[in-house]
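Asks: The numbering used here numbers the first residue of the sequence shown as 694 and each following residue consecutively.
For every residue, glycine included, the Cβ atom is placed at its ideal position computed from N, Cα and C.
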Amino acid sequence: MSYIEELFGLKAKVAVVTGGTGVLGSDMCKALAKAGASVVILGRRKEVADKLAQEIVQAGGKAMGVSADVLDTKQLVEARKLIIEKFGTIDILVNAAGGNLPGAVVTPDKTFLDLKLDDFKKVVDLNLTGTLLPSQIFGETMVSSKKGNIINISSMTAIRPLTRVVGYGAAKAAISNFTQWLAVEMAKKFGEGFRVNAIAPGFFLTEQNRTLLTNTDGSLTDRGQLIIKGTPFGRFGEPDELCGTLLWLCSDASKFVSGIVVPVDGAFSAYAGV
Ligand SMILES: NC(=O)c1ccc[n+]([C@@H]2O[C@H](COP(=O)([O-])OP(=O)(O)OC[C@H]3O[C@@H](n4cnc5c(N)ncnc54)[C@H](O)[C@@H]3O)[C@@H](O)[C@H]2O)c1
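(1) Under a Cβ-count criterion, where at least 16 other Cβ atoms within 10 Å of its own Cβ denotes burial, should L810 be classed as buried or exposed?
(2) For L906, I'd like the list of residues in its chain whose CB is within less than 8 Å of its CB, leaving aside the five on either flank, ordered along the chain.
(3) In chain order, what residues of the same chain have a beta carbon less than 6 Å from the beta carbon of D743, not counting five sequence neighbours either side?
(4) With G841 and D784 assumed to form a contact (beta carbons below 8 Å), what rounded beta-carbon distance in angstroms separates them?
(5) Answer yes or no: do V799 and R737 have a C-beta to C-beta separation smaller than 7 Å?
(6) Quick test of the definition: if touching needs 3 or more C-beta pairs under 8 Å, does the stretch 800 to 808 touch the stretch 863 to 878?
(7) Please report the residue range of the alpha helix (DSSP H) in which G862 lies.
(8) The beta strand (DSSP E) spanning G758 covers which residue range?
(9) Contact check, L769 vs I830 under 8 Å by CB: the rounded distance?
(10) From W941 to F701, what distance separates their C-alpha atoms?
(11) Taking I953 and N890 to be in contact with their CB atoms under 8 Å, please state how far apart those CB atoms are, rounded to whole angstroms.
(12) From the DSSP output, which residues share a beta bridge with V682?
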């Protein structure tokens, strides 16, 4: 085994990716499989998760699809049972399920007073509770095997609030806080075999934000232009550009790293605009 394989390889590791059928999640699943991990693609639609699993297996990797809603304890417990039956353990959890809702966004023609409380709560619940609950349920398996590695997905809006996305921003800021909190909690209660970190992606064109950032003809919206202007690299990120950071955080290469949130953002978060 080469030094790099020893440091970054994930052979014999089992990695669960929630939101594994999403744009960023599916690239993460493929990268984890290429690094040698057995990958569990967790999504709400089993057939979509199975299709990606099949693709990974055909490319020589190990994978399975599992269906569960990240807000449903019963479904997550059932998913855990199936994962243990197939792969025996859970070493890595990537909490990539997340999203936003129009009612939790304050558009320029509206004000904060129009914000729909129900949608705000749903967005906070999906992103925050949808990270906490899988961490708890899959974390139970990690605690029994005395080691575990959790990677959460935060956002630029956790560092400095972006306009409009008040619910999503609150939830992602809470995810960064939860990442630090859980890193300390797990290390103190269960030892150094437990690590919790997060990635804060910059802007990647996905189904979640496409209509916010691009017009139907593919040109940038005003907001899209502002984002590109605020990104010193002058472009959106490509999903596979998150994977190096993910593999670093999942592997022994980052053995002494816990409780950090890594921006992968073409220098967006470093830029003051002047
Ligand atoms: N695209 C970006 O620029 C960007 C930037 C920062 C953070 N993120 C975050 O990255 C993660 C992945 O987002 P993406 O851009 O790939 O979007 P995406 O919509 O393609 O992926 C999100 C996935 O989460 C799944 N999901 C939603 N609700 C769920 C639930 N209740 N239970 C289980 N799965 C559920 C969706 O089905 C989808 O597969 C999200 O947490 C998102 O907030 C994205």
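Replies: In short, the structure shows the following:
(1) exposed
(2) F896, L898, L913, T914, R916, G917, I920, F929
(3) G758
(4) 7 Å
(5) no
(6) no
(7) 859 to 883
(8) 755 to 760
(9) 4 Å
(10) 6 Å
(11) 5 Å
(12) This structure does not reach residue 682, given that the chain is present from 694 up to 967, and the question cannot be answered.
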